[in-house]
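K.L.:
One structure is given below, represented as structure tokens, and several questions about it will come after.
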């Protein structure tokens, strides 16, 4: 990959940010040397590693590699049998500590990261816990070895402490007895020996060895004769202490020496993991996704955001290249985003081939290019006496010499800097050459000739950066398939240029140019109209879906009412028939007492039989409707107040208003009807769920339909601040909407108007609010807002 393109597309800045996320010096070195690859399998593997690291960070948190030091020189010394110093052994201990921490981080529940590309790295780590524990036990810091490192060292240091105590005792006694001869009443060290600061004129009063004097010569540092022997003994013990320390270090080195291969693997693995997790951290910082790579030289970037632009202001762009066309010509006004579009395509390609995720929507596609060429920016060179045009042309010549079908070429303002007619002709010839070579190319231009070239050439497509004439600002949206229109006249008019000058300028346009610009204007107008119509169609579809839902609910309610009426009628018929049967039975019994009169008894029996059959038919019909078996038996223990149930014998839905008694009887509220039913005659219903209109996208607006049908038609917010009122308002509006109220009143009072303004601002954001207005005379005037739901 040529380094000029890396610099032009600001790839080095991305690498600089990547390096900051690495923890170890070797990890930072690996990041700073990262270059795009042209090997498809290597790119896929690198992308997968970054993806798996992102998944691990999301599931288990980040992993720090701070403390991984370069121990390669120490390992070479161990291989030839040398002993290591304190700092070297501490570096090995630090490496093993991080290896143990990474090993623990890599452990996971079964199947959680079973196919993870990083799994083998974590498994290959060897913490060498016994060796690391021994190093930590013996070495306390870079300047201190533990007394317990060896018995000999403990014995020597015990002897040293005894002699030091004697020296301090002797020196303290001399300090007190010779206080008048001393410059300061302190004990000092000179050449590792304990001395007293004696005034020069009293040097003969203190017997001993002179080790030093002050810069003025007024003070002599004398080692008293009484402690010379003790200082000599202490010095010998210090030498012996160093020998014991060297023995400890040699022993530790011997313990580490057999594990040089394991240490090499640990070092390489931890540095590699540090590098991979740095890529993952960069991905999370820019909210990136893994691009899907193909071998067809097809690019499809969805909602791509240039990572070096302000994330709060950058406008996502959509670009595709390489399927139906291999040459994209982008036109539009200056500062409209053309150059950013070029750089986004080039930088994403470099990042993707380097194994980095790209800040774009999931599913964006990139391809593997052997070379990326970019001629972007002002290339004027004073030192080489080259004009802007000459410098650009020098770069283009080099690109044309090297570019082929496996290259991606990016040109900014191709052919600019010279005569427009010649520049346009030259640009068309260059692009035609690259197009014939099937080279994936993207170029920006102002020339109308190139727009016509794109319209009339197969495999070449126009694109433009949208510009708003109302605000005189670019929208930074890239529209593929539409050539950009020159807005010079419109912009000049908006900025105050007199109309007569603009009209005069139009007379200097050639007829074909004016016609082409009119065509572009018509295309742009048609596009805007189509977009508005599509938005209206989407709104109509939403409204139709809502109306359909309401109609279905109404039909369900009508069906329930119809079933209720039919059942009531049949129950009434059953009651009447039962009374008639009882009357007939009683009559027959009375006649039987009087005896059989000319077969009257048999006739009455026949009548009663027919009556019984009729009653049986009615009861059978009711039993078929009422004695449905519940899908699942309801347990009294699981039943709770407010549960939604269906009463099978009545075919009605309701809510539990009392718990079952010992017979299993309970009360169920069905609308305005409250009835005593048995638990065997009910089945639990899944509570109906609706999705709030303002929360459709996330699905988090699902709420249970357990709202009261008697909700108040108004809410009073008077006396609340805006922050206090908005949660209350939200809760009330949700309940009112779910209760199918068409209109409600929000009472906020007049006051300073702050509460009213806050309520109106909030209502504008609610998608299920159709409209709202201030109250009229008799409704509360400006102290009340009337809200109508969709």
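In the numbering used here, the protein residues as written are -18 to 771. Note that the Cβ used here is the ideal one computed from N, Cα and C, for glycine as well.
(1) The beta strand (DSSP E) spanning residue 419 covers which residue range?
(2) For residue 193, write down the residues that DSSP places opposite it in a beta bridge.
(3) On the three-state DSSP scale, how would you describe residue 321?
(4) How close, in whole Å, do the beta carbons of residue 280 and residue 302 come, if the pair is a contact with beta carbons under 8 Å?
(5) Helix, strand or coil for residue 164 per DSSP?
(6) So, does the stretch 100 to 115 touch the stretch 138 to 150, judging by three or more C-beta pairs under 8 Å?
(7) From the DSSP output, read off the bridge partner residues of residue 663.
(8) Using 8 Å as the threshold, is the C-beta distance between residue 625 and residue 666 below it?
(9) Which two residues bound the contiguous alpha helix (DSSP H) that contains residue 355?
(10) When burial is assigned at 16 or more other CB atoms within 10 Å of the CB, is residue 55 buried or exposed?
(11) Which residues bound the beta strand (DSSP E) around residue 299?
(12) Quick one: residues in its chain with C-beta nearer than 6 Å to the C-beta of residue 395, no 5 flanking neighbours on either side, listed in chain order?
(13) Can the beta-carbon of residue 766 be found closer than 8 Å to that of residue 756?
(14) Roughly how far, in whole angstroms, is the beta-carbon of residue 442 from the beta-carbon of residue 306, given that I think they are within contact range, below 8 Å?
(15) From what residue to what residue does the alpha helix (DSSP H) around residue 258 run?
(16) So the beta strand (DSSP E) residue 711 belongs to, where does it begin and stop?
(17) Hey, how far is the Cα of residue 46 from the Cα of residue 318?
(18) Is residue 74 buried or exposed, if buried means 16 or more other CB atoms sit within 10 Å of its CB?
(19) What number of angstroms, rounded off, separates the C-alpha of residue 190 from the C-alpha of residue 198?
(20) Give me the Cα-Cα distance between residue 15 and residue 49, rounded to the nearest whole angstrom.
(21) Can you tell me where the alpha helix (DSSP H) holding residue 169 begins and where it ends?
(22) For residue 767, name the three-state secondary structure that DSSP assigns.
(23) When we look at the beta-carbon of residue 8 and count the other beta-carbons within 10 Å, is it buried (16 or more) or exposed?
(24) Taking contact to mean 3 or more Cβ pairs, one atom from each stretch, closer than 8 Å, check whether the stretch 155 to 168 and the stretch 117 to 131 are in contact.
(25) DSSP beta-bridge partners for residue 646?
(26) Select from -1, 242, 483, 117 the residue whose C-alpha is nearest the C-alpha of residue 78.
(27) Taking the continuous alpha helix (DSSP H) assigned at residue 295, which residues delimit it?
(28) Classify residue 125 as helix, strand or coil using the three-state DSSP reduction.
(29) CA-CA distance, residue 154 and residue 218?
(30) Can you tell me the Cα-Cα spacing of residue 761 and residue 692, whole angstroms?
(31) Just to confirm my understanding: we take residue 345, look at its own chain, exclude 5 residues before and 5 after, and list those with CB closer than 6 Å. What are they?
(32) Can you say whether residue 482 is buried or exposed, counting buried as having 16 or more other CB atoms within 10 angstroms of its CB?
(33) From which residue to which residue does the alpha helix (DSSP H) around residue 817 run?
(34) Can you give the Cα-Cα distance for residue 248 and residue 52, rounded to whole angstroms?
(35) For residue 46, name the three-state secondary structure that DSSP assigns.
(36) Checking 8 Å against the spacing of the C-beta atoms, do residue 278 and residue 348 come in under that value?
P.N.:
In short, the structure shows the following:
(1) Unbroken run through residue 419: none, as it is neither H nor E.
(2) Residue 193 pairs with 202.
(3) In the three-state reduction of the DSSP assignment, residue 321 falls in the helix class.
(4) In this structure, residue 280 and residue 302 form a Cβ contact; the two beta carbons are roughly 5 Å apart against a cut-off of 8 Å.
(5) In the structure shown, residue 164 sits in coil (DSSP, three-state: anything other than H, G, I, E or B).
(6) No, the stretch 100 to 115 does not touch the stretch 138 to 150.
(7) In the DSSP assignment, residue 663 forms a beta bridge with 628.
(8) Yes.
(9) Run containing residue 355: none in the alpha helix (DSSP H); it sits in the beta strand (DSSP E), 352 to 356.
(10) In this structure residue 55 is buried. Its beta-carbon is surrounded by 16 or more other beta-carbon atoms within 10 angstroms.
(11) 298 to 302 is the extent of the beta strand (DSSP E) around residue 299.
(12) Cβ contact annotation for residue 395 (same chain, cutoff 6 Å, sequence separation greater than five): 408, 424, 426, in chain order.
(13) Yes, the pair counts as a contact, with Cβ atoms nearer than the cut-off.
(14) Right, the Cβ-Cβ distance comes to about 4 Å (below 8 Å), so this counts as a contact.
(15) Counting along the chain, the alpha helix (DSSP H) containing residue 258 begins and ends at 241 to 266.
(16) Unbroken run through residue 711 is the alpha helix (DSSP H), 703 to 719; no beta strand (DSSP E).
(17) Going by the C-alpha atoms only, they are around 40 Å apart.
(18) With 16 or more other Cβ atoms within 10 Å, it is buried.
(19) In a straight line, the C-alpha of residue 190 is about 16 Å away from that of residue 198.
(20) So the two alpha carbons sit approximately 20 Å from each other.
(21) Counted as a single uninterrupted DSSP element, the stretch harbouring residue 169 is not any alpha helix (DSSP H) but the beta strand (DSSP E) occupying residues 169 to 171.
(22) In the structure shown, residue 767 adopts extended strand secondary structure according to DSSP, grouped into three states.
(23) The residue is buried, with at least 16 neighbouring Cβ atoms inside 10 Å.
(24) The answer is no - the stretch 117 to 131 does not touch the stretch 155 to 168, with fewer than three Cβ pairs under 8 Å.
(25) Answer is 659.
(26) Residue 78 has its Cα closest to that of 117, out of -1, 242, 483, 117.
(27) In the DSSP annotation of this structure, residue 295 is not part of any alpha helix (DSSP H), being labelled neither H nor E.
(28) Reduced to three states, the DSSP call for residue 125 is strand.
(29) One C-alpha to the other measures close to 24 Å.
(30) Each residue's alpha carbon lies about 20 Å from the other.
(31) When the five nearest sequence neighbours on each side are left out, the beta carbons in the same chain lying within less than 6 Å of the beta carbon of residue 345 are those of 272, 282, 283, in order along the chain.
(32) With fewer than 16 other CB atoms across the displayed protein chains lying within 10 angstroms of its CB, residue 482 is exposed.
(33) The structure shown does not extend to residue 817, since the chain is modelled only from -18 through 771, so no value can be given for it.
(34) When rounded, the distance between both Cα atoms is 8 Å.
(35) Under the three-state reduction of DSSP output, residue 46 falls in the coil class, being neither helix nor strand.
(36) Yes, Cβ-Cβ distance for residue 278 and residue 348 is below 8 Å.
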